[in-house]
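First up is the structure itself, then whatever we jot down about it.
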Amino acid sequence: ESLPCVVFRTLYKAKRYEEALPYLEDALSSKKYCNTILCNMAINCLGKTKRWDEAVVVFERMSTDLAHAPDGMTHSVIINALALSGRWEEAIALFDSMVKSSDPTLRENSPAMTSSLNSAINACDISGRWQDALELLRRADRDGVKADMISFSTTMNALVRAGKCDGALAVFREMISRKLEPGLVACNFVLTNCSKHKKGEVALEFLEVMRKAKLKITSVSYNAVITALYREEKPEKVLATFREMQLYRLCPD
RNA sequence: AUCUCCUC
206 ESLPCVVFRT LYKAKRYEEA LPYLEDALSS KKYCNTILCN MAINCLGKTK RWDEAVVVFE
266 RMSTDLAHAP DGMTHSVIIN ALALSGRWEE AIALFDSMVK SSDPTLRENS PAMTSSLNSA
326 INACDISGRW QDALELLRRA DRDGVKADMI SFSTTMNALV RAGKCDGALA VFREMISRKL
386 EPGLVACNFV LTNCSKHKKG EVALEFLEVM RKAKLKITSV SYNAVITALY REEKPEKVLA
446 TFREMQLYRL CPD
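Counting from 1 along the first sequence, just add 205 to a position and that's the residue number in our numbering.
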């Protein structure tokens, strides 16, 4: 076995990215044990430690001296590194290059395409580009990419962060109609942001949709909605929702 | 064997 590869993988899997860095170069230069997956781990390790330019360098080296063709997952991790460094335009461009790729093994790798879409949407969220996030989600079908629960949740995050709570509600309704159940935490994040932006009525509608879809509702959810209504100065609805909460069987937190 | 959102 190649020890640098073993040590690098071990530290990587333990998410000890900083400690894994010193072994990265030796692991990559192992002729026998370096493969595409190890390169993907290396790129992600550099991304996790905010070494974005170095991550891009390894990505480019894969096609040259490392001689391991980048696969769908490689694209996904590099798009994520671009996302975290605020390079949303490059992230979207790389995602588009996958969609338009003449290589069917890339386009037909559905999990990697979805993950890349999600990283691209996340890039938009991080950079405050909610319009672009929404556009990526809207054209996913046309692009032949399957949008999943994370695609919808991330788009909602981008929208509510920008105060576009009614837009997020529309995404939420579509998500429910597609039978993609958002997690409790994702719902609560949306509701918390509704209260930050004083969108009480919208928060109330979210709660209604959640109830109809039989999603879990906790005290965090009700707290956020009531706070939102209070900040929007809807005293009657504050009281009505508070009374409703006392009658409703809340899920434990 | 590798990736992506989320309550402060």
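Ideal Cβ placement from N, Cα and C applies to all residues, glycine included.
For residue 234, which option in 390, 250, 207 has the closest C-alpha, if you only look at C-alpha atoms?
207
To the nearest whole angstrom, what separates the beta carbons of residue 326 and residue 360, a pair I think is in contact under 8 Å?
6 Å
Starting from residue 289, follow the alpha helix (DSSP H) in both directions and report where the run begins and ends.
277 to 289
Using CA atoms only, rank isn't needed, just tell me which of 277, 266, 449, 443 is closest to residue 306.
277
With 16 other CB atoms within 10 Å as the buried threshold, where does residue 313 fall?
exposed
Over the uninterrupted alpha helix (DSSP H) stretch that includes residue 457, give me the two end residues.
Run containing residue 457: none; DSSP gives neither H nor E here.
Within 10 angstroms of its Cβ, does residue 323 collect 16 or more other Cβ (buried), or is it exposed?
buried
N-terminal and C-terminal residue of the alpha helix (DSSP H) that residue 214 is part of
208 to 218
Taking all protein chains shown into account, do 16 or more other C-beta atoms lie within 10 angstroms of the C-beta of residue 262, making it buried, or fewer, making it exposed?
exposed
Are the beta-carbon atoms of residue 210 and residue 251 separated by less than 8 Å?
no
Taking buried to mean at least 16 other C-beta atoms within 10 Å of its own C-beta, is residue 255 buried or exposed?
exposed
From 362, 310, 419, residue whose alpha carbon lies closest to that of residue 333
362
Measure the alpha-carbon distance for residue 301 versus residue 443 and round it to whole angstroms.
46 Å
Taking the straight line between their C-alpha atoms, what separation do you get for residue 391 and residue 405?
18 Å
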